[in-house]
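K.L.:
In the numbering used here, the protein residues as written are 1 to 228. Think of the CB as a built atom: it goes at the ideal place given N, C-alpha and C, for glycine as much as any other residue. All values derive from a computational prediction rather than experimental measurement. The structure is given below, and queries will be raised subsequently.
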Amino acid sequence: MNQPSKENVRQDSLKQLELPAADRAEQPVLHLNGISKIVCAMPGAGKSTFADNAIQAGFKVVDADPQHFKFLSDKLGRYVDRSGEPIGTAQERVANPNFTQEYFAHIVAVAEQADLVLISTDPQIRQALIAEGIEFDLVRFETSMKAEVLSRILNRDTQQPNKIIADVVDGIWDSQVASLDQPGPKKIFVLQPGQFLDDLFHFDADTASLNPDQVILTEAFDRAHRSN
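Set out below in structure tokens:
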């Protein structure tokens, strides 16, 4: 099984943020309007779709996928066992003991150039952000949405092993959702049934005529504010 190498993942993320010199003056600068530069969101929240739409609109938004860092792989992006030998199936993947350090370093590197970085809700990553004094917001689902979220993960169009990810989310749903309400994030946003990140953070057309760069918070969301 192959995936992009960790270095290629970082280079590809940074390449998305580059524009030809002639276009740089026209690129909008994202005013976050109180939103943290780093936003943690659970699987199925629509991070990739939101990032793709934002990039097409000219904004520097990156979906920092943790899957490229969670398992041992070689420089070619092939999943390997502890001896460095390639493996054949997703079920054989070996957890990367350096996941926290490598993924955190990737987040920090990308955040230096991006307007907004979307990351996972892994507890060790949230703790690393807190330990380093880096502000972040968090997006979670309303607790009754388990079946809907699992369906989203299973049916999304991606090269990731959706069934395995869905099984993990299924197994940790109750403890994960409960842990996400702990102090740490600057703000916590709760998605309701049928809602995605695109519903929460959006570029408002009416405001665009006055400030084409502004991100508007949708008022209808249940928001719990946290302060460190």
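1. For the beta strand (DSSP E) containing alanine 45, list its first residue and its last residue.
2. Any idea which residues DSSP pairs leucine 180 with across the strands?
3. Let me check understanding here. Comparing Cα to Cα, which of Glu112, Ala109 and Glu102 lies closest to glutamine 124?
4. Please identify the residue among Gly46, Val61, Ala64 and His68 whose C-alpha is closest to the C-alpha of proline 161.
5. Should aspartate 115 be labelled buried (16 or more other beta-carbon atoms within 10 Å of its own) or exposed?
6. How long is the line joining the alpha carbons of isoleucine 164 and phenylalanine 136, rounded to whole angstroms?
7. Starting from leucine 129, trace the alpha helix (DSSP H) in both directions and tell me its first and last residue.
8. Using three-state DSSP, classify phenylalanine 99 as helix, strand or coil.
9. Assign leucine 72 to one of three DSSP states: helix, strand, or coil.
10. Quick one: grab the DSSP three-state call for aspartate 63.
11. Below 6 Å CB to CB, which residues in the same chain sit around arginine 152 once its five sequence neighbours on both sides are set aside?
12. Since glycine 184 contacts arginine 126 with CB under 8 Å, what's their CB separation in whole angstroms?
13. Would you kindly check if the distance between the Cβ of arginine 140 and the Cβ of leucine 197 is under 8 Å?
14. Any idea if lysine 75 is buried or exposed, counting beta-carbon neighbours within 10 angstroms, 16 or more meaning buried?
15. Closer than 7 Å by C-beta to threonine 100: which residues in its own chain qualify, once you throw out the five before and the five after it? Chain order, please.
16. Would you call alanine 64 buried or exposed, if buried means 16 or more other Cβ atoms sit within 10 Å of its Cβ?
17. To the nearest angstrom, report how far apart lysine 70 and serine 120 are at their CA atoms.
18. Under 8 Å by Cβ, that's how I've got glutamate 142 and proline 193 pegged, so tell me the actual separation to the nearest angstrom.
19. Using the Cα positions of cysteine 40 and leucine 138, report the straight-line distance between them to the nearest angstrom.
20. If I measure Cβ to Cβ from lysine 146 and keep anything under 6 Å in the same chain, skipping five residues before and after, which residues do I get?
21. Pull up the distance between the alpha-carbon of glutamine 176 and that of isoleucine 107, whole angstroms please.
P.N.:
The answer reads as follows:
1. From DSSP, alanine 45 is part of no beta strand (DSSP E); its letter is neither H nor E.
2. Beta-bridge annotation (DSSP): leucine 180 is not paired with any residue.
3. Measuring from the Cα of glutamine 124, the nearest candidate turns out to be Glu102.
4. Per the Cα distances, His68.
5. Buried, since its Cβ has 16 or more Cβ neighbours within 10 Å.
6. Approximately 27 Å between the Cα atoms of the pair.
7. In the DSSP assignment, leucine 129 falls within the unbroken alpha helix (DSSP H) covering 123-131.
8. Helix, per DSSP.
9. Under the three-state reduction of DSSP, leucine 72 is assigned to coil, being neither helix nor strand.
10. It is a strand residue.
11. Excluding the 5 residues flanking it on each side, arginine 152 has same chain C-beta neighbours closer than 6 Å at Gly44, in chain order.
12. The pair is a contact, with the Cβ atoms about 6 Å apart (cut-off 8 Å).
13. Cβ atoms of leucine 197 and arginine 140: not closer than 8 Å.
14. By the neighbour-count criterion, in which 16 or more other beta carbons inside 10 Å mark a residue as buried, lysine 75 falls on the exposed side.
15. Only Gln124, Ile125 and Ala128 meet the Cβ criterion.
16. The residue in question, alanine 64, is buried, as its Cβ has 16 or more Cβ neighbours within 10 Å.
17. Rounded to whole angstroms, the gap between the alpha carbons of lysine 70 and serine 120 is 11 Å.
18. Contact holds; Cβ gap of about 7 Å.
19. Each residue's Cα considered, the two are about 5 Å apart.
20. Cβ contact annotation for lysine 146 (same chain, cutoff 6 Å, sequence separation greater than five): Trp173, in chain order.
21. Straight through space, the alpha carbons of isoleucine 107 and glutamine 176 are spaced by roughly 21 Å.
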